[in-house]
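Visitor: Quick one: the structure is below, questions incoming.
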Amino acid sequence: MIYPMAPIAHFEELGVTQLACNDQAPYLARQTVTAWLGTAHAAHEIVTLATSELVTNAVKYADTTDTDDNCGSITLKLSQDEAVLRLAVTDPGSRCSAPARIPMQEPNLHSEHGRGLAIVDNLSRGRWGSYRMPGGGYRCVWCHLDREPTPAQIEELFQAPI
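Dropping the structure here:
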């Protein structure tokens, strides 16, 4: 089941930025959301991790547009309403792949890939989705994260099997 997206008009924008779609993008995205929220924000850890996973996927799965393996640009946007933070990552997308829910996997210490959306699904408690932008083929992957998670909720999120 895909969680219905709340109308964007109900969200207050905390920040929006463009990132080059390259190997530095996940690092720069983490630094950016930290600047927007601050390290003392209750949701800082989960927002930073979700950001890293979504931007990494954007870099990995977007079609490349030039010989430098640069896939264009990524738009990172963070908004909030009274209950949730809405993280949205827009990228050039891929003609041959789309974000999809995957079954829970047994944790494997040797696995290095393939858990990003499962992590986002867990952090957002299933409140995420994706859509194609009209006109240009760009895609947006978004998630809603608790704005004020308790320390116990954060601990539970980081202990859940992926």
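Its first residue numbered 0, the sequence shown is counted upward by one per residue in numbering that gives the first Met the number 0.
From the three backbone atoms N, C-alpha and C, an ideal C-beta is built for every residue, glycine too.
Being a predicted model, the structure only gives us computed values, none of them experimental.
#1: How long is the line joining the alpha carbons of Phe157 and Pro150, rounded to whole angstroms?
#2: May I ask you to verify whether the segment 116-128 touches the segment 138-152, counting CB pairs closer than 8 Å and requiring at least 3?
#3: If I measure Cβ to Cβ from Ala49 and keep anything under 8 Å in the same chain, skipping five residues before and after, which residues do I get?
#4: Give me the Cα-Cα distance between Lys76 and Thr55, rounded to the nearest whole angstrom.
#5: Which residues in the same chain have their Cβ closer than 8 Å to the Cβ of Thr66, if we skip the five residues on either side of it in sequence?
#6: Expressed to the nearest angstrom, what Euclidean distance is found between the alpha-carbon atoms of Ala41 and Arg146?
#7: When DSSP builds the beta bridges, which residues end up paired with Glu12?
#8: Should Arg126 be labelled buried (16 or more other beta-carbon atoms within 10 Å of its own) or exposed?
#9: Taking just the CA atoms, how far does Gly71 sit from Ala61?
#10: Under the DSSP definition of a beta bridge, which residues are partnered with Gly128?
#11: What first and last residue would you give for the beta strand (DSSP E) that runs through Ala151?
#12: Tell me the rounded alpha-carbon separation between Thr33 and Ser78.
#13: For Arg29, I'd like the list of residues in its chain whose CB is within less than 7 Å of its CB, leaving aside the five on either flank, ordered along the chain.
#14: Beta strand (DSSP E) containing Thr89: first to last residue?
Guide: Let me spell this out:
#1: Counted from its first residue, the sequence shown places residue 157 at position 158. Counted from its first residue, the sequence shown places residue 150 at position 151. Approximately 11 Å between the Cα atoms of the pair.
#2: yes
#3: Against the sequence shown, residue 49 aligns to sequence position 50. Excluding positions up to five away in sequence, the list reads Leu86, Ile118, Val119, Leu122, Ser123, Cys142, Leu144.
#4: Start at 1 with the first residue of the sequence shown, and residue 76 comes out as number 77. Start at 1 with the first residue of the sequence shown, and residue 55 comes out as number 56. Cα to Cα, the separation comes out at about 15 Å.
#5: Reading the sequence shown from its first residue, position 67 is the one you call residue 66. Unreliable positioning characterises Thr66 in this predicted model, as indicated by a pLDDT of 42, which lies under 50. The coordinate reading is nonetheless provided below. No residues qualify anywhere along the chain.
#6: Numbered from 1 along the sequence shown, position 42 holds the residue referred to as residue 41. Numbered from 1 along the sequence shown, position 147 holds the residue referred to as residue 146. Approximately 7 Å between the Cα atoms of the pair.
#7: Counting from 1 along the sequence shown, the entry for residue 12 is found at position 13. Answer is Ser78.
#8: The sequence position of residue 126 within the sequence shown is 127, counting from 1. Arg126 is buried by the Cβ-count criterion.
#9: Walking along the sequence shown from the start, residue 61 turns up at place 62. Walking along the sequence shown from the start, residue 71 turns up at place 72. So the alpha carbons of these two residues sit roughly 9 Å apart.
#10: Within the sequence shown, numbered from 1, the residue matching residue 128 stands at position 129. Per DSSP, the beta-bridge partners of Gly128 are Trp141.
#11: For the purposes of this step, residue 151 is taken as residue 152 along the sequence shown, with counting starting at 1. Note, Ala151: premise wrong, no beta strand (DSSP E); alpha helix (DSSP H) at 150-158.
#12: Within the sequence shown, residue 33 is the residue found at index 34, counting from 1. Within the sequence shown, residue 78 is the residue found at index 79, counting from 1. Thr33 and Ser78: Cα-Cα distance of roughly 14 Å.
#13: Position 30 of the sequence shown holds residue 29. Thr47, Thr50, Ser51, listed in sequence order.
#14: Residue numbering aside, residue 89 sits at position 90 when the sequence shown is read from its first letter. Note, Thr89: beta strand (DSSP E), 83-90.
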